[in-house]
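Numbering (the working numbering), first residue to last: -17 to 255. By construction, the Cβ of each residue, glycine as well, lies at the ideal position given by its N, Cα and C atoms. The structure under discussion appears below in the form of structure tokens.
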Amino acid sequence: METFLGLDYPTLWFIVIGGLFSGYAVLDGFDLGAGFWHLFFKKEESRRVALNAVGPVWDGNEVWLVIGGGALFAGFPKVYASLFSAMYLPFMLFLIFLIFRAISIEFRSKEEMKWWRQFWDVSYSVASSMLAFLLGVVVGNVLNGFNMDANGQVYISLPGALNPFSVLVGFTTLALFAMHGGIFLSMKTEGRLFSKITRLIKGAMIAFIVLFAISTLYALLYLPHMSDRISQSPVLFLIPLAAFLSIANIPRLLSKRKFQWAFIFSSITTCLS
């Protein structure tokens, strides 16, 4: 088999695709997390500050997702075809919420009417939250595994895609992005808004730790292919362990007001999770 830099091409593609999707999770993750908190801010000024924090970067961060999808198609076309056919309905919902998030950000400031801005505020927050949740649902289904026919075709109904494990991973992802986005906003705000965000981060952090622990235990106990893989390669257990150590460092950094370092460790946690 041909190699490049000492790696065979499937391994190289796997690393590239993993890096691209990890980059998307880190960069668009804080956008989605900021959107989740949007309705928690009651004052118009606070919402405008939060939107302005993500305004310059939210659309550019989505490029990572597009490139990641293209790399998956180029490197593993059969996986791409099977995954997108299996998760057709969740992906369609994802695209719909992606569109609504974009138009919510763009249209909100077009009119001054209170009802107009409230409508797009709700649309923006709901779309951001659902995008984070659906990403987790897709990841949960991939970890859970698919049953393929002889032609490599897979189809899962929407109720089938929302199995207990994928829903659990969906809420775990939502809590992770909420924490990640809150830490990002803490670097961009001050005064009362800053104080409120730091309080909200604590709740998201606790929720993520609990959900991540439950997800990990569920996978080890009820997904034999994952527990078998860890038994064959015990070093893989270092991944969730490193994630727990990374998130455990975040409260200490926040208490010392080292928000940039807290964001770095939140990004590491996002990659490892």
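**Request:** List the endpoints of the continuous alpha helix (DSSP H) containing Glu88.
**Result:** 70 to 89
**Asked** Are Val31 and Thr171 close, meaning C-beta to C-beta below 8 Å?
**Response** yes
**Asked** So the alpha helix (DSSP H) Thr171 belongs to, where does it begin and stop?
**Response** Here Thr171 belongs to no alpha helix (DSSP H), and DSSP marks it neither H nor E.
**Prompt:** Near Lys96, which residues of its chain fall below 7 Å by C-beta distance, leaving aside the five closest residues on each side in sequence?
**Reply:** Same-chain partners within the cutoff: there are none.
**Request:** Compare the beta carbon distance of Tyr200 and Leu150 with 8 Å and say whether it is the shorter of the two.
**Result:** yes
**Which residues DSSP lists as bridging Asp13, in chain order** = None; Asp13 has no bridge partner.
**Message:** For Val108, tell me which candidate among Trp98, Arg99, Phe82 has the shortest Cα-Cα distance.
**Reply:** Nearest C-alpha to Val108: Phe82.
**Request:** Under 8 Å by Cβ, that's how I've got Phe159 and Met112 pegged, so tell me the actual separation to the nearest angstrom.
**Result:** Between Met112 and Phe159 the Cβ distance is about 12 Å, and since that is not below 8 Å, they are no contact.
**Asked** In terms of residues, what are the limits of the alpha helix (DSSP H) holding Arg239?
**Response** Premise fails: Arg239 is in no alpha helix (DSSP H) and is neither H nor E.
**Request:** On a CA-only basis, which of Ala56, Val104, Ala68, Ser177 is nearest Asn123? Give me that one, please.
**Result:** Ala68
**Neighbourhood of Trp102 by C-beta, 6 Å cutoff - its chain only, sequence neighbours within 5 removed** = Counting only Cβ-Cβ distances below 6 Å, and skipping sequence neighbours, we find Ser86, Phe89, Arg90.
**Message:** On the criterion of 16 or more Cβ atoms from any shown chain inside 10 Å, does His162 qualify as buried, or is it exposed?
**Reply:** So His162 ends up on the buried side.
**Message:** One question on the structure: do Val39 and Thr252 come within less than 8 Å of each other, judged by their Cβ atoms?
**Reply:** no
**Asked** Is the distance from the Cβ of Leu71 to the Cβ of Leu140 below 8 Å?
**Response** yes
**Asked** For Leu167, which of Leu182, Leu156, Pro206, Thr155 has the nearest alpha-carbon?
**Response** Leu182
**Message:** Less than 8 Å between the C-beta atoms of Ser148 and Asn129, yes or no?
**Reply:** Contact flag unset, no.
**Prompt:** Using CA coordinates, which residue listed in Val119, Ala84, Lys178 is at the minimum distance from Gly142?
**Reply:** Val119
**Request:** For Gly15, count neighbouring Cβ atoms within 10 angstroms of its own Cβ and tell me buried if that reaches 16, exposed if not.
**Result:** buried
**Prompt:** Which stretch, first to last residue, makes up the alpha helix (DSSP H) that contains Glu26?
**Reply:** 26 to 36
**Message:** In whole angstroms, give me the CA-to-CA distance for Met169 and Phe241.
**Reply:** 6 Å
**Request:** Report whether the distance from the Cβ of Ser255 to the nearest heavy atom of the ligand FMN is below 7 Å.
**Result:** This structure simply doesn't include the ligand FMN, nor any ligand for that matter.
**Best match in Ala186, Ala53, Ser255, Lys24 for proximity to Leu220 [C-alpha to C-alpha]** = Ser255
**Message:** For Thr198, which residues in the same chain have their Cβ closer than 8 Å to its Cβ, ignoring the five residues on either side in sequence?
**Reply:** Pro222.
**Asked** Between Met187 and Ile250, is the Cβ-Cβ spacing less than 8 Å?
**Response** no
**Beta-carbon proximity list for Leu193, same chain, < 8 Å, skipping 5 on both sides** = Leu150, Phe153, Thr154, Ala157
**Message:** Gly57 and Leu2 - do their beta-carbons sit closer together than 8 Å?
**Reply:** no
**Message:** Looking only at its chain, what residues have a beta carbon closer than 6 Å to the beta carbon of Ala114, apart from the 5 residues adjacent to it on each side?
**Reply:** Leu14, Thr155, Leu156, Phe159
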